[in-house]
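Below: one structure, written as structure tokens.
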Amino acid sequence: MNTITTKLAGSLLTVAFSCGVSAGTIVSERVGLGEVEYMAEWYLPDVESDIPALVYLQHGFGRGPNNLLDLATYLMDKGFMVLSVDANLAGGNPRLAARVVDQFTTAPPTPPNGYEMPEKFVAAGHSAGALNATLIAEGMVEADYDGYVGAILLDPVDADNLMEEAMQASISDGKPVYAILANVSPCNSFNNAEPLLSDLSGTTYVGLKLTNRSTHLDAEASNAGFWAPLACGRARSENITTLMEFTAAWAYDLATGQISSEYYPGGSEVEALIANDDAYLLK
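In mature numbering (1 follows the signal peptide of the UniProt record, and there is no 0), the protein residues as written are -23 to -1, 1 to 260.
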């Protein structure tokens, strides 16, 4: 059983709901990043110790944290702490990225309910939120922040040619960047991030493109609402499962330094997708 706690006007509203493999708590509260406070969702796993990483999970343009509820809950059920901030992601919101970097490298926010902030930080995001994640990654590298371990991009969308340099900064610093792309569509700016991923140097594997009826909304799972699937296509359960499993495996490996071989070239999960024409390797 999971629990939602919302902090509003100094009071607590707690609602229990069932939606996962293990127990956890979702807390809605305002979080200060730099000089600005944002409404945010904390996903707190059932265990308070040995949390492998904080996954900073950023939603896309015109969306909100609730659109990534399924994915964030899945990561929480796998033992990660997740922070999802509600913000305007136009152009990837470089100012937000700078505020995140400044806050985490100087005085990280305090998680609620007595939890301690994990030492490791994974930058992740969907669509324009993925661009935001790359800008955070670049800033973390420039700040020489030891906690930053890598980035995970979910059908990323570039703007103003910001993404390639930001991704390259992370990879050149030895911090991997992994991505899952969907089929080309107007909703992902016709895969404008794919050639950027392919051009990165210093790495031979940056992830997968799902090809069997994948959509830009795979990361949003059942949280896409009514209108977005009409424009972008409804996510299929097989692609949702793949995206979530790879995201969790990559995040765990980034945090621990291990390699879950099945989620990399030659591994069983990757090879099965390729053999069934469900995906191809990026790079």
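All C-beta atoms in this analysis are idealised placements derived from N, C-alpha and C, irrespective of residue type, glycine included. Predicted model, so just to flag it, every value in this text is computed and none were measured.
When secondary structure is reduced to three states using DSSP, LEU187 falls in the strand class. Each of ALA208, ILE3, GLU239 and LEU185 was checked against the Cα of ALA256, and the nearest Cα belongs to LEU185.
For MET221, the CB contacts under 7 Å within the same chain, skipping 5 residues up- and downstream, are LEU48 and TYR51 in chain order. According to DSSP, ALA156 shares a beta bridge with LEU130 and GLY184. In this chain, the alpha helix (DSSP H) harbouring PRO172 covers 171 to 175.
Nearest Cα to LEU139 within the set ALA74, PRO88, VAL99 and PHE98: ALA74.
Secondary structure at ILE251: helix, using DSSP grouped into helix, strand and coil. Shown here, GLU25 sits in coil according to DSSP, grouped into three states, outside any helix or strand. Looking at LEU158, SER162, VAL126 and SER166, the one whose alpha-carbon comes closest to that of ASP137 is SER166.
By the criterion of a C-beta distance shorter than 7 Å, ILE129 is surrounded in its chain by VAL99, ALA101, TYR155, THR224, TRP227 and ALA228, once the five residues flanking it on both sides are discounted. For GLU239, no alpha helix (DSSP H) segment is defined, and its DSSP state is neither H nor E.
For GLY234, the closest of PRO88, GLY124, ARG72 and GLY106 by C-alpha to C-alpha distance is GLY124.
Excluding residues up to 5 positions away in sequence, SER238 lie with their Cβ nearer than 7 Å to the Cβ of GLY244 in the same chain.
DSSP places GLU222 in the uninterrupted alpha helix (DSSP H) bounded by 214 to 233.
For SER147, the number of other beta carbons within 10 angstroms of its own is at least 16, and it is reported as buried. The alpha carbon of TYR122 has as its nearest neighbour, out of ASN90, ASP230 and GLN80, the alpha carbon of GLN80.
When the Cα atoms are used, ARG76 and VAL59 turn out to be separated by approximately 18 Å. A Cβ-Cβ distance of about 5 Å is found for the pair GLY69 and ASN109, placing them in contact under the 8 Å criterion. It is roughly 20 Å from the alpha-carbon of SER26 to the alpha-carbon of GLU18.
Under the 10 Å beta carbon count, THR87 is surrounded by fewer than 16 other beta carbons and is classified as exposed. The beta carbon of ASP230 is closer than 8 Å to those of ILE236, SER237 and TYR240 in its chain, skipping five residues each way along the sequence. As computed with DSSP, GLN35 is found in a beta bridge with GLY102. Only buried fits PRO95, as 16 or more other CB atoms lie within 10 angstroms of its CB. By the criterion of a C-beta distance shorter than 6 Å, GLU141 is surrounded in its chain by LEU173, once the five residues flanking it on both sides are discounted.
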